[in-house]
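Asker:
Number of protein chains: 2
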Amino acid sequence: MSLVLYELLGKDDLRFSPFAWRVRLALAHKGLVPDEIVPCRFTEKHKFAFSGQDKVPVLVDGPATIADSWKIACYLEDSYAQHPSLFGGAVGRGLAKTLNYYCDGQLHPAMARIILGDVFASVDEVDRDYFRKTREVRFGMAIEAMHAERERHVPAWNAVLLPARLTVRDQPFLSGEAPAYPDYILFGTFMWARGTSAFPLLAKDDPLYAWRDRMLDLFGGMARKAKGHPL
Amino acid sequence: MSLVLYELLGKDDLRFSPFAWRVRLALAHKGLVPDEIVPCRFTEKHKFAFSGQDKVPVLVDGPATIADSWKIACYLEDSYAQHPSLFGGAVGRGLAKTLNYYCDGQLHPAMARIILGDVFASVDEVDRDYFRKTREVRFGMAIEAMHAERERHVPAWNAVLLPARLTVRDQPFLSGEAPAYPDYILFGTFMWARGTSAFPLLAKDDPLYAWRDRMLDLFGGMARKAKGHPL
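Chains as they are written, first to last, in the working numbering: chain A, 1 to 231; chain B, 1001 to 1231.
#1: Is there a Cβ from chain B that is less than 8 Å from the Cβ of Val91/A?
#2: Looking only at DSSP bridge pairs, what is Ala67/A linked to?
#3: Drop a sphere of 10 angstroms on the beta-carbon of Ser1002/B, count the other beta-carbons inside from all chains shown, and report buried for 16 or more, exposed for fewer.
#4: Mind checking which residues open and close the beta strand (DSSP E) that includes Leu3/A?
#5: Would a check of beta-carbon distances place Thr167/A closer than 8 Å to chain B?
#6: Thinking just about the alpha-carbon of each residue, which of Ala156/A, Asp170/A, Leu86/A and Asp54/A is nearest to the one in Leu32/A?
#7: For Pro179/A, which residues does DSSP report across the bridge?
#8: Any idea if Val1137/B is buried or exposed, counting beta-carbon neighbours within 10 angstroms, 16 or more meaning buried?
#9: Mind checking who Phe173/A pairs with in its DSSP beta bridge?
#10: Are there 16 or more other CB atoms within 10 angstroms of the CB of Arg169/A, so buried, or fewer, so exposed?
#11: Chain B beta carbons: is any one of them nearer than 8 Å to that of Asp170/A?
#12: In the DSSP assignment, what are the bridge partners of Val38/A?
#13: Among the candidates Phe48/A, Gly195/A, Ala28/A and Ile66/A, whose CA atom is the shortest distance from the CA of Pro84/A?
#14: Who are the near neighbours of Asn1100/B in its chain, counting only those whose CB is closer than 7 Å to its CB and skipping five residues on each side?
#15: Going straight from the alpha carbon of Leu1014/B to that of Lys1227/B, what length do you get?
#16: Determine, for Thr1098/B, whether the minimum Cβ-Cβ distance to residues of chain A falls below 8 Å.
#17: Rounded to a whole number of angstroms, what is the C-alpha to C-alpha distance between Phe48/A and Glu36/A?
#18: Under 7 Å between beta-carbons, which chain B residues line up against Leu174/A? List them in chain order, please.
#19: Does the beta carbon of Leu1161/B sit closer than 8 Å to a beta carbon anywhere in chain A?
#20: Check Gln106/A in the structure and name its three-state DSSP category.
#21: Would you please verify whether the beta carbon of Gln1082/B is less than 8 Å from any beta carbon of chain A?
#22: Any Cβ of chain B within less than 8 Å of the Cβ of Tyr101/A?
#23: Does the beta carbon of Glu1077/B sit closer than 8 Å to a beta carbon anywhere in chain A?
#24: Ends of the alpha helix (DSSP H) at Leu1032/B?
#25: Quick check on Ser1180/B - is its C-beta less than 8 Å from some C-beta in chain A?
#26: Please list the terminal residues of the continuous alpha helix (DSSP H) segment that includes Tyr209/A.
#27: Check the Cβ of Gly1105/B against every Cβ in chain A and list those closer than 8 Å, keeping chain order.
#28: Against chain B, with Cβ distances strictly below 8 Å, would Glu177/A count as a contact?
#29: At least one CB of chain B closer than 8 Å to the CB of Gly88/A: is that the case?
#30: With a Cβ-Cβ cutoff of 8 Å, do Ile114/A and Thr196/A count as a contact?
#31: Apply the 10 Å Cβ neighbour rule to Gly1221/B and answer buried if 16 or more other Cβ atoms are within range, or exposed otherwise.
#32: Assuming Asp183/A contacts Phe190/A under a Cβ cut-off of 8 Å, what Cβ separation, rounded to an integer in Å, is found between them?
#33: Does DSSP classify His1229/B as helix, strand or coil?
#34: Would you kindly report the start and end of the unbroken alpha helix (DSSP H) that includes Phe1131/B?
#35: Along the chain, where does the alpha helix (DSSP H) that runs through Pro1200/B open and close?
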């Protein structure tokens, strides 16, 4: 059976989708290697129209087509139950959903207030109009205006990180002694920044800084080897 | 072996400590019933000075003395490993810590901005000076001033609840299909309000409203039977 991942493509072959990184690390955790990774620009939704929806990542595993990083993680957990577990059981899976909403609903907007101008500069030329239009509606202001005032949003970004920061001060990973899907959820957020922005989002003495380093080392340095800013 | 829980006592026998509720529900989850519950006012720290620190809850289980709700939960999980699991494994335990910090560091301050005046009215007469002094330092303003402007803090409270709200829209409990320690962590926060305040913190159509109802029903309606506002 062939395993194919459709993921977002930026300019100069950049891969900065936080959701794609969640899936990439989930696949690696399960010991699975995609036979093919199909890069898709924002405006190339026709490439995965067969999935019946308009967002990447999409995973095709033989006859199965799954969209949405959370659903893909659950699919992998259930379909590859004998491989290393992503959630470590029902409580881990249940609570990982809360973390997923925390990252998508609180961390991502807080980070976007700081790096969105850099993300804009990292999308492919053909996607720039699409990106500007959709994001300026979402944030209610011009990308350049957001970029100009980004320093003002650093305190809110640091505040919203607090639960994750204190956790990895106490233990190596959000998931405890070893990484699992909760770590991949949060790490995807940082890979979004790494692929697009040189802005120093974490102080060197932040426990999350060392955690991010540990994450970059996983699976033979898979994420560290990806093109991006070496933060 | 005897099992003794030292917990906070308010006026009129009120028990509104969110941390004590975490422990009470964790004990019930493990099928354990304390032989004795020792109520302690804020200014009765001598009652549990033997624990070597100055905060309740404290659990004494035969020769073991454990302070701090998180440490108590971990102690119960490890010492009563054959009883129903509070964390469902290492990933659940790891990530529960993040939720613990989210509740203590983000939800509690957001809720306090709304109910602290009510909490103040619920502490025992002898504790009022202690409570005022410590809380007014913590929040940097008079309790009455906080109370007067509490409506202003409702949007922030609703925003910080988002990850939990969306989770229980998708599934019955934070922990998945069945409740576990993550639910007791969050529920303790709501028991703090229930014991002290009539302020409507959740709209009736909020998925958390129905979740709170499910939590109040657990263990024979243990929490619902406790003295408090019937919200």
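Ideal placement from N, C-alpha and C gives every residue a C-beta, glycine not left out. All of these numbers come straight from a predicted model, not from anything done at the bench.
Answerer: So, from the data block:
#1: yes
#2: DSSP lists Val58/A as partners of Ala67/A.
#3: exposed
#4: Leu3 to Leu8
#5: By the rule that beta-carbons nearer than 8 Å mark a contact, Thr167/A touches chain B.
#6: The residue from Ala156/A, Asp170/A, Leu86/A and Asp54/A with its alpha-carbon nearest to that of Leu32/A is Leu86/A.
#7: Paired residues: none, contrary to the question.
#8: Val1137/B should be labelled exposed.
#9: The partner list for Phe173/A (beta bridge, DSSP) reads Gly176/A.
#10: Arg169/A should be labelled exposed.
#11: yes
#12: Tyr6/A
#13: For Pro84/A, the nearest C-alpha among the options comes from Ala28/A.
#14: Trp1070 and Ile1185
#15: 6 Å
#16: yes
#17: 14 Å
#18: Gly1094, Leu1095 and Thr1098
#19: no
#20: helix
#21: no
#22: Interface residue, yes.
#23: no
#24: It is not in any alpha helix (DSSP H) - Leu1032/B carries neither H nor E in the DSSP assignment.
#25: Per the sequence shown, residue 1180/B should be read as Ala rather than Ser. Yes, contact with chain A.
#26: Pro207 to Lys225
#27: Leu162, Pro163 and Leu166
#28: Chain B, which has a Cβ nearer than 8 Å to the Cβ of Glu177/A, makes this yes.
#29: yes
#30: no
#31: exposed
#32: Contact check for Asp183/A and Phe190/A: beta-carbon distance about 11 Å, past the 8 Å limit, so the pair fails to qualify.
#33: coil
#34: Arg1128 to Phe1139
#35: Counting along the chain, Pro1200/B falls outside any alpha helix (DSSP H), and DSSP gives it neither H nor E.
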